[in-house]
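The next block holds one structure in the form of structure tokens; read it before the comments.
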Amino acid sequence: MKDGCKYTYQLSHEDFFVYIMMHLTKHYTTGGTGIRSIMDIWVYKTRYGNEMDWDYIQAELEKIKLREFAKNILRLAEVWFGNAQSNAFYDELADFIFSSGVYGTNKNATVSAMNTYAGENRPVWPAKYRYCLKLFLPGLEHMKIQYPFLGKLPFLLPVCWVFRGVKCLLFKRKHTFQMINNVHLISEKDVARILNLHKKAGILK
């Protein structure tokens with residue numbers, strides 16, 4: 001409960017810090033985050049760090065498996081805006097973020113999404129196939145956002161897939177073919193590079 005209020009709830013500094021880290025992680029894993037996100041973390045820690053219960057924060061991050069990643073992001077912020085020394089890993093992490101712009105790039109987004117289906121020492125084409133399948137034939141829960149009537153008529157999902165595909169070809173042709181081309185251009189080297197970086201950063205085990 002917010003001080004002085006009866007009906008207004010407000011996140012504690014610790015919970016808001018965890019939220020910021022979760023939001024940054026979402027962008028990082030779906031296309032790459034930007035410099036601004038790292039700066040947000042640095043500014044918030046600089047302003048409220050001495051007031052926060054870091055044991056609580058670490059425990060909450062551990063619950064959502066972000067403790068290692070958060071440690072690396074905080075260290076990167078120290079390298080950029082503080083006096084910490086960089087190394088090869090943080091230089092690589094910085095290169096990934098610099099290439100992501102503000103909210104990430106299409107290529108980073110595609111490769112990061114494909115990593116869900118990829119694995120070490122596996123050919124990239126199965127990951128491309130499964131990614132495209134999910135991209136062009138989304139699941140029922142996703143499709144219900146665009147077509148709410150599917151909640152009551154789920155058997156119409158295949159019809160909606162066709163309708164959605166026709167709309168993409170008629171009204172979003174350039175974007176649709178750009179997405180297909182992005183997938184086509186992804187190499188096994190691209191997937192392996194980002195998969196390895198995500199592991200070192202603490203996103204993947």
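With the first letter of the sequence shown counted as 1, position 157 gets the number 157 in the UniProt record's numbering; the numbers rise by one all the way through. All C-beta atoms in this analysis are idealised placements derived from N, C-alpha and C, irrespective of residue type, glycine included.
Using a Cβ-Cβ cutoff of less than 8 Å, which residues in the same chain neighbour residue i once the five nearest sequence positions on both sides are dropped?
i, result
"Leu-150", "Leu-140, Met-143, Lys-144, Leu-156, Leu-157 and Cys-160"
"Leu-153", "none"
"Leu-98", "The amino acid occupying residue 98 in the given sequence is Phe; Leu does not appear at that position. Counting only Cβ-Cβ distances below 8 Å, and skipping sequence neighbours, we find Ile-35."
Keeping to the same chain, check which residues put their C-beta closer than 6 Å to that of residue i; ignore five residues upstream and five downstream.
i, result
"Leu-204", "His-198"
"Asp-91", "none"
"Lys-174", "none"
"Cys-168", "Thr-176"
Where does the unbroken alpha helix (DSSP H) through residue i begin, and where does it stop?
i, result
"Ile-64", "Element bounds for Ile-64: n/a, residue is neither H nor E."
"Thr-29", "13-29"
"Asn-87", "Run containing Asn-87: none; DSSP gives neither H nor E here."
"Thr-46", "35-48"
"Glu-188", "188-201"
Can you list, in chain order, the residues of its chain with a C-beta nearer than 7 Å to that of residue i? Leave out the 5 residues immediately preceding and following it.
i, result
"Val-102", "Residue placement at Val-102 cannot be trusted, given a pLDDT of 46 that sits under 50; the coordinates are not used to answer."
"Val-18", "Ile-57, Glu-60 and Leu-61"
"Lys-200", "Phe-89"
Does the region 177-195 come close enough to the region 74-90 that 3 or more CB-CB pairs lie under 8 Å?
Judged by Cβ distances under 8 Å, the region 74-90 makes no contact with the region 177-195, as fewer than three pairs qualify.
Within the region 116-173, note down every full alpha helix (DSSP H) run reaching 4 residues or more, in order along the chain.
125-136, 140-146 and 157-171
Whether or not the region 125-139 and the region 55-74 are in contact is what I'm after, with contact meaning three or more pairs of Cβ atoms, one per stretch, closer than 8 Å; do they touch?
no
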